[in-house]
Every structure is written in structure tokens, then in C-alpha cells.
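Heads up, the sequence shown is in my numbering, so the first residue is 13 and it goes up one at a time.
Don't be surprised by glycine CBs; every beta carbon is placed ideally from N, CA and C.
Please read these numbers as outputs of a predicted model, since none were measured by experiment.
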Amino acid sequence: MKNPEIAKIFYHLALFEEMKDEFFKARAYDKAARMIESYGREIKDVYEGGGLEALQEIEGIGKAISEKIEEILQTGHLRLYEERKKEFPIDLDGLTSLEGVGPKTIKTLYQKLNVSTIEDLEKVIAEGKLKKLSGFGEKKEQQIRKSIEFFKQGRGRFLLGDMLPSLRNIESRLKRHLVVQNAMLCGSARRMKETIGDADFLVASDRPDEVMSFFTTLPEVTHVYSKGTTKSNVRLSLGIDADLRIVGKENFGAAMQYFTGNKDHNVALRTMAIVRGWKLNEYGLYEGERQIAGKSEEEIYKILGLDYIPPEMRENNGEIDLAANKRLPKLIEYNSLKGDLQVQTNYTDGLNSIEEMVDAAKKIGLEYIAITDHTKSLGVARGLDEEGIADQGKDIDKINKKFEGFRILKGAEVNIFKDGTLDIADKTLKELDVVGASIHSAFDLPKEEQTRRVLEAIENPNVDVLFHPTGRLINQRAPYEIDIERVIQKCRDTETVLEINAYPNRLDLKDEYIRKAVQIGAKLCIDSDAHSTLHFQYLEYGIGQARRGWATAENVVNTLHVDRFLTSLKH
Ligand code: DGT
Ligand code: CA
Ligand code: CA
Ligand code: ZN
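Here you go:
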């Protein structure tokens, strides 16, 4: 069993204990779940290498939990968990995915109204029963109604970051197959779209039968919808569907172009071909019967008179005109970041120490990180107060001496109160290298008020960066009502940096707002929002999003070396 599956059992146990009012146990299970979920190695390997003792060396895992892990690994399930599921037959995966529905709500809904699924919940709302419950009322009902709506909209689309590692793994196994000449993951995943509907694999081979058999019997395949000679469609254990198309080597470039899309971009290209008296399809560009391009993607663009358009830009949003006029922007490149400006540690709700975060950041090639733990008004994260920040600063001074060629910057993720003031005194903020300001409360203010709140915070000369500017959680929570254009404008005017938060369920700013920022010359940064050493990998999704927003390296301040970066911040 893999870490995410083990972690899920403990997350659910935590919820069950919460329902039984066993808060201490609930917290212990929750912590264990978080550790397991983001642990750098497979827990299974740890156990097989060193048994219970090795498990207990992991933070957050004591005797009782290690024994439960042992039982899971040896038998494939946990008796306690099975018992609890019988005791509380509730669709936890579904209900917990609703924003504003936490353990306490689930408990009340189940005990008072016998709600165990999202459908049940919709029913009690329709019958007017929910708002009559004590502690609920119109407002809460409205919020839950909105969450359900939002959940339904997102159904069927998967977060890129949840899917991409496994899909790339399949892509590389296809590539290595003996009769495969080339393989590529195309579609929205190649365009680095924040969510993807399905995965589109493309293979070049002159022995398609063998490739088809290999693909449809991959261990990840849980269902085969259709299996043809050049086309198959399957369901993967990740929950997502995957297409495979097989073409000849001489068609691979045309097929790549076609299956990368998007559809509107393709239609526009095909129209250009028709205007020239040609035909463009997934096999090539043809003049009559003669193929004039098709082996590579580049030659298709070239013969159509276009500069090569990076996949992230292919949305038919004006990129074709730019390419025709040789005016495409030079997009920021992957691996070009030198720093990360939002990193949490075990001083608050991060899982790792400052040193561990530095080691991980160095490994992926960064030269600096800003430690931006939460501040005091964020109770759930045990946020730091002024004194805590000062103490952490002293620790950072010491730790900085241990690392050569790497710089730990002092920072904070401060909360913006409703009136636009911050929860940390300016005197303290002035001493920090990087101050990020965030909204973590009162998400439902009216638009004008929410906008003024953020503008006020941006005006503060100590606020360097506006973190996750719209507050959305993809498939989970809509952005708060805010006049984002005014916010971007104000950031430009005050030289405040707008964050592109790379966390897979945030990707906030999103692509169209990044374009706005780029257009008017506002500064951007790309942050992982890491809460564990594994999260630095997310930076890639942030860069993908920046490229989708047409950003160049010059637009992104953390492509600069540390000294130039620091002088680029507002003073
Ligand atoms: P998704 O899966 O919803 O996230 O989005 P895509 O872009 O991956 O779309 P998908 O999987 O339906 O199709 C993959 C690509 O195939 C798409 O980006 C462009 C191409 N394609 C699909 N349908 C058509 C079509 O009717 N005409 C043209 N020209 N291309 C199409
Ligand atoms: Ca797709
Ligand atoms: Ca598809
Ligand atoms: Zn935050």
C-alpha cells in the first residue's frame, strides 16, 4: 500500500474520533496522516527495512500508530477502521471535499439529520431542514449550497499536480518500450492547464498491436472501455481516463500538434492551411496527396509561416497573430527560479525544520528561500507573534552560518484584517526581508469592501508580496469577490509583487490574471507555499501557469539572484 492510501485511513480515523469527541486521539491521527502523506519515502519500505522501530523514528508516529501501520501493511486493512466505518457509514471523501463542511458539521448532520452523502445533504436542504438546525441558519445553508454547486462543477476534472507525476511515469514507460519510437503525453496536461479532463497519450510505432496490448494491461489500468488497432480508451486507478493514439513516425509531429490542442487553436491552424490550399489533420499537412510537413511539430508551424508556439500558449487567445508577426514573448523557462518566497516550517503548520527545507531547496537548485510562517491571528496554524518572529530571526541568523552559497531570508505570512490592517506591528515587519500579506478570514465580504481591504494592505510600505491574491481553491472554493484589476493596478503602482502560488489546488493568480499583470507591468513571483520538503516540486506548476499567462523571466522577481532580488523589492 502506498503512502496516500495509508494516510487516508488515518485522516478518516481522525474524523471518526472527532465524531466521538475524542479530540486528543483525533489530533494524533491527523498529525500521523499528514506526516505519512508527505513523507519522502514509501512507509512500506521503511517498515520492511526496519520494522516497528523504524516507523517509530518518524515524527508523529508512536507505538500505537506504528502497530496500526503494521497491520495495514501486513493484512491490507485495519480492523479498527472497518469497525468505525460500520459505526458511521458516511461518505467522508465526498462530504469533506465540500468547503465549510468540517468534522463537527459532518457529525451534526449525521446525528441530527441522518445525512451521510452529498445527495442526502442536498435533500435536507431542499426540504428546509438544514437551516432549522441550531447553529446553522440561512447563511450557513447558503454557504453549503454554494459548496455543493462548486463541487458539482468541478466533478470530472482533476488537478494537474495530482495527476502529472503518475502520467509522466506512464509516458516514460511507453517511451522505453522496445517497439515504441516515440511517446508523449499531449492534451491539456502538455499545455499545463490547472485541471485536466483526461490524459492523451500519443505513440509512434510500426507495431501498434504490441503497444496496444502493453498499454491496456498496464497495472494502473482498471477498466478498458475500448481497444482498437490505433486507438484505445481506458480508466486508470488514479480515477482519470486515458486515451492512447498510435501513429507512424512520419506523422508524429502532426499528431502531437493535433492532440495537444486546444481545439480552438487547432481549428485556427486548420483554417490557415485551407486558405493556402492545403489540408491539416492529425497525420500531417498536405498539398493534394503529398505530405509537406508532419514529422515534427516545428515544421508544421514553420510552413504555416508561424514561429513555434509553446504548448502553454495554445489557447487561441492571440498567440497565432503574435507568432505570425515574430512577436511571441520569450516565456520564463522551467528551472529558472533562484528563490522561493513562501515557505512554512515546523514553527507553525509546516512539517519540516528550517534546515530540512533548506536542504530540499538546495537539491532542486534554489539559492534562497524566505521563511514565511503564519502569524498570530491564524489560530489553527499556531501563528507566530512579534516575539516569535524575533526569536525565529535569531535562529535564522545561526542557521545561515551553516550553509554556504545559500541564503535564508526572514519573512512572514501576515494576515490582513477586515479593515486592511495587519496582525503584526510595522516595527517588526520593517526588520524582515520579505513580508507576504494574505487573506485567511472573512472570505465573504462584499466586493467593494474586500477590494478596499486588500488595497489598504498593499499600500503598507512593509508589504512586499500579496500572497494567493484571489483565495480560490480549485474544485473547492470560489475566489473571493474582489476587483482584481484594481488590485493588480495598485500592486503595479506601489511596486508590490503579486504571487503566483504554485500549490496545485491554488495556482493563484490564474493564467488570465497573470496576463493582465504582465500587460500593465506589475511584478510577479512564483512560490511553492511549501509546507513540507516535497512541495518544492510544485514550483514547476507555478512556472507552467506563468507561461500560460505569457510571463517572461523579467516579469518574475525570484528569477533574480538574491541581492538583486532584495533591492528589487519596494522600499
Ligand atoms: P481536457 O481533456 O478536457 O482537459 O482538454 P484537452 O485539451 O486535453 O481535450 P481532449 O482530451 O478532449 O482532446 C485532446 C486534444 O485533441 C485537444 O486539445 C485538441 C484535439 N481535439 C479534440 N477534439 C477535436 C476536434 O473536434 N477538432 C480538432 N481540431 N481537434 C480536436
Ligand atoms: Ca485531455
Ligand atoms: Ca482525450
Ligand atoms: Zn496562505
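CB of ASP212 within 8 Å of CB of CYS198, strictly: yes
PHE170 - DSSP class collapsed to helix/strand/coil: strand
Secondary structure of ILE555, DSSP reduced to three states: Helix at ILE555.
Segment limits, beta strand (DSSP E) that includes ILE304: 302 to 305
Beta carbon shell of ligand 1 at less than 5 Å from a heavy atom: GLY199, SER200, ILE208, GLY209, ASP210, ASP212, PHE271, GLY273, ASN274, LYS275, ASN278
Backbone CA spacing between LYS124 and ILE130 [nearest angstrom]: 15 Å
ASP435 to GLY448 span [Cα, whole Å]: 12 Å
At least 3 beta-carbon pairs within less than 8 Å: the region 233 to 243 vs the region 175 to 189: no
GLU299 versus GLU310, SER308, VAL287, residue with shortest Cα-Cα distance: VAL287
Distance cut-off 7 Å: ASP409 Cβ against heavy atoms of ligand 6: With respect to ligand 6, the structure shown offers nothing to examine, as its ligands consist of ligand 1, ligand 2, ligand 3 and ligand 4.
Cross-strand partners of CYS537 (DSSP beta bridge): GLU511
Contact between the region 81 to 92 and the region 55 to 70 (3+ Cβ pairs under 8 Å): yes
Nearest candidate by alpha-carbon position, reference TYR270, set VAL236, ARG464, ILE312: Of the listed residues, the one whose Cα sits closest to TYR270 is ILE312.
Selected residue, minimal CA-CA separation from GLU497, among ILE420, GLU416, LYS522, ASP255: LYS522
Residue nearest to SER540 in terms of C-alpha spacing, selected from GLY533, VAL499, ALA373: Checking every option, the nearest Cα to that of SER540 belongs to ALA373.
Exposed unless 16 or more other CB atoms sit within 10 angstroms - verdict on LYS422: buried
Residue(s) in a DSSP beta bridge with LEU250: Partner(s): none; LEU250 has no beta bridge.
Nearest residue (CA-CA) to TYR515, options LEU485, LEU396, LEU572: LEU485
From ILE252, ILE555, ARG257, residue whose alpha carbon lies closest to that of VAL215: With distances taken between Cα atoms, VAL215 lies closest to ARG257.
Whether GLU310 touches ILE321 by CB criterion (8 Å): no
CA nearest to the CA of MET196, picked from GLY52, LEU176, LYS314, LYS158: LEU176
For THR545 and ASN347, believed in contact at Cβ under 8 Å, the rounded distance: That belief does not hold up - the Cβ atoms of ASN347 and THR545 are roughly 18 Å apart, past 8 Å.
For MET196, the first and last residue of its enclosing beta strand (DSSP E): That run of the beta strand (DSSP E) goes 194 to 197.
Check whether ASN570 and LEU349 have beta carbons under 8 Å apart: yes
Inter-stretch contact (C-beta, 8 Å, three-pair minimum) for the region 147 to 157 and the region 104 to 120: yes
Separation of TYR525 from ALA534, as counted between CA atoms: 11 Å
Contact check, ILE420 vs ARG465, beta carbons under 8 Å: no
Ranges of the beta strand (DSSP E) found wholly within the region 231 to 295, counting only runs of at least 3: Within the region 231 to 295, the complete beta strand (DSSP E) segments at least 3 residues long are 233 to 239, 243 to 248, 253 to 259, 291 to 293, listed from N- to C-terminus.
Whole alpha helix (DSSP H) elements within the region 412 to 487, 4-residue minimum: 438 to 442, 459 to 471
Integer-rounded CB distance, given that ARG247 should sit under 8 Å from ILE208: So it is not a contact: roughly 14 Å between Cβ atoms.
Limits of the unbroken alpha helix (DSSP H) element including LEU214: From DSSP, LEU214 is part of no alpha helix (DSSP H) but of the beta strand (DSSP E) over 211 to 216.
Sub-8 Å separation of GLU262 and GLY306 beta-carbons: yes
Start-end ranges of the alpha helix (DSSP H) lying completely within the region 345 to 388, minimum 4 residues: 366 to 375
DSSP-derived helix/strand/coil call for VAL58: helix
Buried or exposed (CB count within 10 angstroms, at least 16 for buried), LEU444: Counting C-beta atoms within 10 angstroms of its own C-beta, LEU444 has 16 or more neighbours from the protein chains shown and is therefore classed as buried.
Local conformation of LEU581 per DSSP, three classes: coil
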